[in-house]
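Start counting the sequence shown at 22; every next residue gets the next number (the working numbering).
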Amino acid sequence: FYCAYPMSPSTGVLHWMARNGRDLGIMVRQAEDEIAVANMVVGAAHVGARAMCATSGGGFALMTEAVGSAAMMEIPAVFINVMRAGPSTGVPTKTEQGDLWQALGASQGDFERLIMAPTDAVDAFNAIPEMFNLCDQAQCPGIVITDLLISEGTFSADPDEIDLYPKIDRGEIITNGEAPNGEYLRYEDTESGVSPRALPGVPGYAHVVATDEHDQDSVLISDEFTDPHKRRRMVEKRARKIANIIEQIPAPQIQGPEDADVTLIGWGSTEGVIGEAIEQLAEKGVTANQLAIRWIVPFHAQAVIDAVSRARRTIIVENNYSGQFYRYLRSETGLSVDGHIRKYDGEPFMPHHIVDGVLEQVAGKTNHYIPYQEIMV
């Protein structure tokens, strides 16, 4: 199931789905607004469909209450945020990496969500079944944050890198079987935190699904039956699910020579341009490597600490003003870095922007480089 309300630069997904959905067995709907979109996606996921929507930051702002409801009801639904230059309407046809903290803080409360930032178009293609599998296993919402550079860019791809037949893992799902005689615990407090999920309509597995807090048997406890011990049990149960997911996610690795003058740290769509910049830096006598971050939540903090601790000089490259990933890195690891290259004019990085920034910092001229975007006419 795919549902959307048109919003640049995510609309290309809706166009493709509308054109191909019927042939592929995908129900596609365009709703009246993003609130309707998000709730239709959660509803479709609840009854057993693999359900997804895509929007940009302004639309995702309207979807966040539904993200929280999916977390409370433990429903696996996928939300794509294709970032553009904001805030508000901003610059709809320009790119930015400005919505990281929006994804981290989507909806109120303290709950689990998966967040992934694909590194290029091929990775974005392969990332969706990966996210669906993990959301199904953890029974939680997943957020894919990408940007205009990937969604509307043009890429060459090796067909062998595109997984057209991905493995499908629906997790602990009940579609039939012997009825438990009214003793089904939809939110059973298991060791892994994941409870067997019966789809609606399976005989004998009646249960309540609502946005209120609940007990193991799905009885609501947010009003008359409020119980601090039951509340704590459910919060901790939901939290355990992420601890198991991180074991399935590969830790980021240093790309390039282990012994380098500079380690460039990026996330999402900066991987490719950083790689090109590293090649150009080598021609200028500066050896560099890269630590590309793809998974934001769960985050392999110790692997990142180990990689950064071996670096001579660290520089973070990101397409925003405030250093959103740098602040997240510090919050998860306590690490600082030696320098920054940031761009927030709506245009993506070019390799020479990063090369110039590295050379300026290696020469000791600055530790915070902002490239100048050439105007093409």
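Backbone N, C-alpha and C fix where the C-beta goes; we use that ideal spot for every residue, glycine too.
(request) Could you give the DSSP three-state label for Glu-302: helix, strand or coil? (result) Going by the sequence as given, residue 302 is Leu instead of Glu. Helix.
(request) Rounded to whole angstroms, what's the CA-CA distance from Ser-239 to Lys-262? Just pull it up for me. (result) Spanning the two alpha carbons is a distance of roughly 18 Å.
(request) Please work out which residues of its chain come closer than 8 Å, Cβ to Cβ, to Ile-183, disregarding the five sequence neighbours upstream and downstream, and give them in chain order. (result) Excluding residues up to 5 positions away in sequence, Val-143, Phe-146 and Asn-147 lie with their Cβ nearer than 8 Å to the Cβ of Ile-183 in the same chain.
(request) Go ahead and pull the three-state DSSP assignment for Arg-333. (result) Annotated three-state conformation of Arg-333 is coil, per DSSP.
(message) Please report the straight-line C-alpha distance between Gln-158 and Asp-190, rounded to a whole angstrom.
(response) Going by the C-alpha atoms only, they are around 7 Å apart.
(request) Work out the CA separation of Ile-194 and Ala-124 for me, nearest whole Å. (result) Near 27 Å, if we compare the C-alpha coordinates of Ile-194 and Ala-124.
(message) Is it the case that the region 270-279 contacts the region 248-258, given that we only count it when at least three CB pairs across the two stretches are under 8 Å?
(response) Short answer: they don't touch.
(request) Could you tell me whether the region 291-308 touches the region 371-386, where touching means 3 or more Cβ pairs closer than 8 Å? (result) With the cut-off at 8 Å, the region 291-308 and the region 371-386 touch.
(request) Could you please give me the residues that DSSP links to Asp-168 through a beta bridge? (result) DSSP links Asp-168 through a beta bridge to Met-104.
(message) Going by beta-carbon coordinates alone, are Tyr-205 and Gly-225 separated by less than 9 Å?
(response) In contact: Tyr-205 and Gly-225 (Cβ atoms closer than 9 Å).
(request) Starting from the Cα of Glu-268, find the closest Cα among Ala-227, Ala-219, Val-307 and Ser-213 and give me that residue. (result) Sorting Ala-227, Ala-219, Val-307 and Ser-213 by C-alpha distance to the C-alpha of Glu-268 places Ser-213 at the top.
(message) In this structure, how does DSSP classify Arg-253 when only helix, strand and coil are distinguished?
(response) Helix, per DSSP.
(message) By the DSSP assignment, the alpha helix (DSSP H) with Cys-354 in it spans what residues?
(response) Checking the sequence, you will find Thr at residue 354 rather than Cys. Run containing Thr-354: 345-354, per the alpha helix (DSSP H) assignment.
(message) DSSP three-state label for Arg-259, please.
(response) Taken through DSSP and simplified to helix, strand or coil, Arg-259 comes out as helix.
(request) Along the beta strand (DSSP E) that carries Ile-362, what are the first and last residues, could you check? (result) If you look at Ile-362, you'll find it in the beta strand (DSSP E) that goes 360-363.
(request) Could you name the residues that DSSP lists as bridge partners for Arg-339? (result) For the sequence presented, residue 339 should be read as Glu rather than Arg. For Glu-339, DSSP records a beta bridge to Arg-363.
(message) Ser-243 and Asp-168 - do their beta-carbons sit closer together than 9 Å?
(response) No; because the gap between Cβ atoms is not below 9 Å, this pair is not in contact.
(request) Assess, as a yes-or-no matter, whether the region 52-68 is touched by the region 91-101 under the definition of 3 or more beta carbon pairs within less than 8 Å. (result) Segments in contact, yes.
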